[in-house]
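Heads up, the thing below is written out as structure tokens.
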Amino acid sequence: MCAHYVYDWIHAWLDHDGAPRPTLEQARPAAFQRYFAGAKLFIKKTPAYYAVASLAKGGVLKVFDDQGPLYSDTGVMLRAESGATLVSHMVDDAHQIDVEALSQGRVSVTGPMSRRKHQLSSPSSRSPFAR
């Protein structure tokens, strides 16, 4: 699985100039929040935690502290009466984001549920690597 990273690793090695880099804590202020509108990513850092929310994915949230992961919420998953699985974490431009809440450091997202495909692997499945 690491073969697809080789191109990025080679370019990172070619771009590296040998100069020492500051740690993340040295490079970032103690607390900040920022919304990247094009990516619909909301990032908030406090002295206690670092949180990243993907608003394009209905508010998928990851929270970390100095010790590592604290919390992960990948959204709602429902089983419809028809048997279909519905999820809220698919990238969808229909998600509505409350921009006023963002300015107060809160996140509010509403949007549609998406049908999740759940094709399972099997020995008879056609692999892209099969001849």
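Residue numbering for the sequence shown is 0 to 130, as defined by numbering that gives the first Met the number 0.
Ideal Cβ placement from N, Cα and C applies to all residues, glycine included.
| task | Would you decide whether V108 is buried or exposed? Buried here means 16 or more other CB atoms lie within 10 Å of its CB. | result | Sequence index remark: in the sequence shown, residue 108 carries index 109 (1-based). Classification of V108: buried, given that the 10 Å Cβ count is 16 or more.
| query | In terms of DSSP beta bridges, what is R33 paired with? | reply | Translated into positions along the sequence shown, residue 33 becomes position 34. Assignment of beta-bridge partners to R33 by DSSP yields I42.
| message | Once DSSP output is grouped into helix, strand and coil, what is the label at V90? | response | Position 91 of the sequence shown holds residue 90. Collapsing the DSSP output to three states places V90 in coil.
| Should the stretch 44-55 be called in touch with the stretch 63-82, which here means at least 3 C-beta pairs below 8 Å? | Per the Cβ contact rule, the stretch 44-55 is in contact with the stretch 63-82 (3 or more Cβ pairs under 8 Å).
| field | Any 3 or more C-beta pairs closer than 8 Å across the stretch 8-17 and the stretch 54-64 | value | When Cβ pairs closer than 8 Å are counted between the two stretches, the stretch 8-17 is seen not to touch the stretch 54-64, the count staying below three.
| Given that a residue counts as buried once 16 or more other Cβ atoms are within 10 Å of its Cβ, and exposed if not, what is H94? | As a working mapping, residue 94 is identified with position 95 in the sequence shown. Taking a 10 Å sphere around the C-beta of H94, we find 16 or more other C-beta atoms and assign the residue as buried.
| field | First through last residue of the alpha helix (DSSP H) which encompasses S102 | value | Taking the first residue of the sequence shown as position 1, residue 102 is located at position 103. It spans 98-102 - the alpha helix (DSSP H) in which S102 sits, taken as one unbroken run.
| query | Quick one: is M112 buried, meaning 16 or more other Cβ sit within 10 Å of its Cβ, or exposed? | reply | The count along the sequence shown starts at 1 and reaches residue 112 at position 113. If you draw a 10 Å sphere on the C-beta of M112, you find 16 or more other C-beta atoms in it, and that means buried.
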